[in-house]
Every structure is written in structure tokens, then in C-alpha cells.
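Peer 1: Numbering (this note's numbering), first residue to last: 1 to 299.
All C-beta atoms in this analysis are idealised placements derived from N, C-alpha and C, irrespective of residue type, glycine included.
Quick one: the structure is below, questions incoming.
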């Protein structure tokens, strides 16, 4: 199990979107599908028995998608970057992803790549596709765009995230100089870092954008025990972060995280017991493993 898993929120198209994404990449597959039980259905208005979450892999990278309703919409604050050395691969992927979507930056030659483009697909999810000459250790990874009130915070965020997670390091940070006319000095042009073996990127975006980080793309932190849950909950809500319900929180930059016990799939595997577990989850902010196990046992 990946320590940190990107979590994609759809209205009702999760299954369709996952099948589409899996068809685009090699070494990809649909994994476990969980359905709404009566407790979760009552809380969300989704039909009992309908698809709730779907685990899937894209070229070996784990993701989860949910049919969560219309509350949250994707925007370019978080995009998925795809790196390749193969120009035809990038061209083919662009053609498939742009169908029904829209161009944010044309697929073209830029200073940083002989071929790069940024788009939103038909579900609203943003993708950055890029040819690279460098060794590819991480081929698909999330990129965070810090704009509007968080413009200029990318460097601080990189330092914060790499301090919170145990197995973490900064790889590159390129900043704007004093003579750039559009960007303030020391804003991050591009930075990348590794958290728990998975790459992330971060950039500052000047100008007015009209969007911010939201719950449409969050990151699940899978925790082996209550000590880990407490640690990540306290660290990520510190200094202006905000607690939410059901293990969700926002950090001080507005990025959404879910701090989840890795035992959760097991606790939800029995249909009857899962009802009580879900009822317990719905009452909690930070998840309490002992209380969830008690609900599972029926105590």
C-alpha cells in the first residue's frame, strides 16, 4: 500500500473516468470497488449499493476515485504530470485526454521541454504532459499550483511537507530572480520533492486565477496505528490548518488530506459490520482506531 495516495472526487462519473484513465497507460488496472452501504448512503444521498470508491493504478501508481456528489470540482491548482522520453506517446496521450476537454497551454516546444502541454480533460482533471531528457524515476505525479492568496508560498510548502513526512527530501527548486517582470523575486518557477517514495511538484502562479486548492483532489495518508494518525493530524492542521469530518483536514495552504488507518478496508469488508463502522466514521473528525474496532465488534 502506498503511504500517500491521490484521491479524486467525482460527482457520479468515477467508474467511467477510472476505466478511461486505466485505458491510457500501460501497467494499469482497476482495483477494489467499495459500494455505498445504508449508513453512507443516508449521509450522502447516494443510492445504497452504488459505487462509492474505486482503487486503481496508472503505470504502477496508486490512486482512489470516489462518487461523492457535485460539491467539489477539479481545477488547475492540482494537476497530474506525465513524463516521457517518447514524443509519440505524449502526442497520443494528448489526443485522448483533450477529447471533450480544453487546452490550458498548447502542446508545443517551450524553454523547459521540446514538447509540453497543459490541459483539462472531459472530467475537469488537469494534466501536464512533458517530454524530458532526464532519467525518469517518477512518471506520473501531482503538481501543486500556489496562486492568489497563496502565491509565493510554494517554497514554504515544500519545506513544510518535507519536514512533516519522515521519508522525504527536496530534489530541485528553481526560483525567479529580481528582474522578472511578471513574478516576484524568489517565487518558485518549479520545484519538486519526494514524500514517502512518491514525487510531488510545486509552482507559484502570478496573476489572478480565481481558484484555490479544494477537496476535489486530496491526498490520503495511510497510517498503521493511532500514533501515526495523531502525528499527521496534528502536524498538518498546525499553524492555520483546519479539521474537517471523517478524517479529512486542510493544511495551512488549503490542500486537503485524509488521515486514514490502513485497517479501514478490513473494517469495511463485512457488509453488516461495515454499517456500524461507517456510522462511527461519520461522527468523527480525527479517526480513532480503537473506536472503529469497537464499532466493528458491535460493542
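Please say whether residue 135 and residue 165 have beta carbons closer to each other than 8 Å?
Peer 2: Not in contact: residue 165 and residue 135 (Cβ atoms no closer than 8 Å).
Peer 1: Is DSSP giving residue 280 helix, strand or coil here?
Peer 2: Of the three classes helix, strand and coil, the one that applies to residue 280 here is helix, per DSSP.
Peer 1: Quick check on this structure: which residue in 280, 269, 297 has the alpha carbon closest to the alpha carbon of residue 34?
Peer 2: It is 269.
Peer 1: I'd like to know whether the C-beta atoms of residue 146 and residue 60 end up nearer to each other than 8 Å.
Peer 2: No, they are not a contact pair.
Peer 1: In terms of residues, what are the limits of the beta strand (DSSP E) holding residue 368?
Peer 2: Residue coverage of the chain in this structure runs from 1 to 299, which leaves residue 368 outside it and unanswerable.
Peer 1: Please tell me whether residue 79 and residue 212 are closer than 8 Å, where the distance is taken between their beta carbons.
Peer 2: Against a cut-off of 8 Å, the Cβ pair of residue 212 and residue 79 comes out as no contact.
Peer 1: In terms of residues, what are the limits of the beta strand (DSSP E) holding residue 79?
Peer 2: First-last of the beta strand (DSSP E) with residue 79: 78-84.
Peer 1: Check the C-beta distance from residue 72 over to residue 215 and give it rounded, since I have them as a contact under 8 Å.
Peer 2: Right, the Cβ-Cβ distance comes to about 5 Å (below 8 Å), so this counts as a contact.
Peer 1: Using DSSP with H/G/I as helix, E/B as strand and the rest coil, what is residue 18?
Peer 2: Helix, per DSSP.
Peer 1: Would the beta-carbon of residue 120 fall within 8 Å of that of residue 102?
Peer 2: Result yes, Cβ atoms of residue 120 and residue 102 sit closer than 8 Å.
Peer 1: To the nearest angstrom, report how far apart residue 276 and residue 190 are at their CA atoms.
Peer 2: Answer to the nearest angstrom: the Cα atoms are 46 Å apart.
Peer 1: If you measure between the beta carbons of residue 47 and residue 41, is that distance less than 8 Å?
Peer 2: Against a cut-off of 8 Å, the Cβ pair of residue 41 and residue 47 comes out as a contact.
Peer 1: Select from 261, 222, 84, 294 the residue whose C-alpha is nearest the C-alpha of residue 3.
Peer 2: Looking at the Cα atoms, 222 is the closest of the given residues.
Peer 1: Can you tell me where the beta strand (DSSP E) with residue 259 in it begins and where it stops?
Peer 2: Residues 256-261.
Peer 1: Does the stretch 5-12 come close enough to the stretch 63-70 that 3 or more CB-CB pairs lie under 8 Å?
Peer 2: In short, these stretches touch, since the Cβ pair count reaches three.
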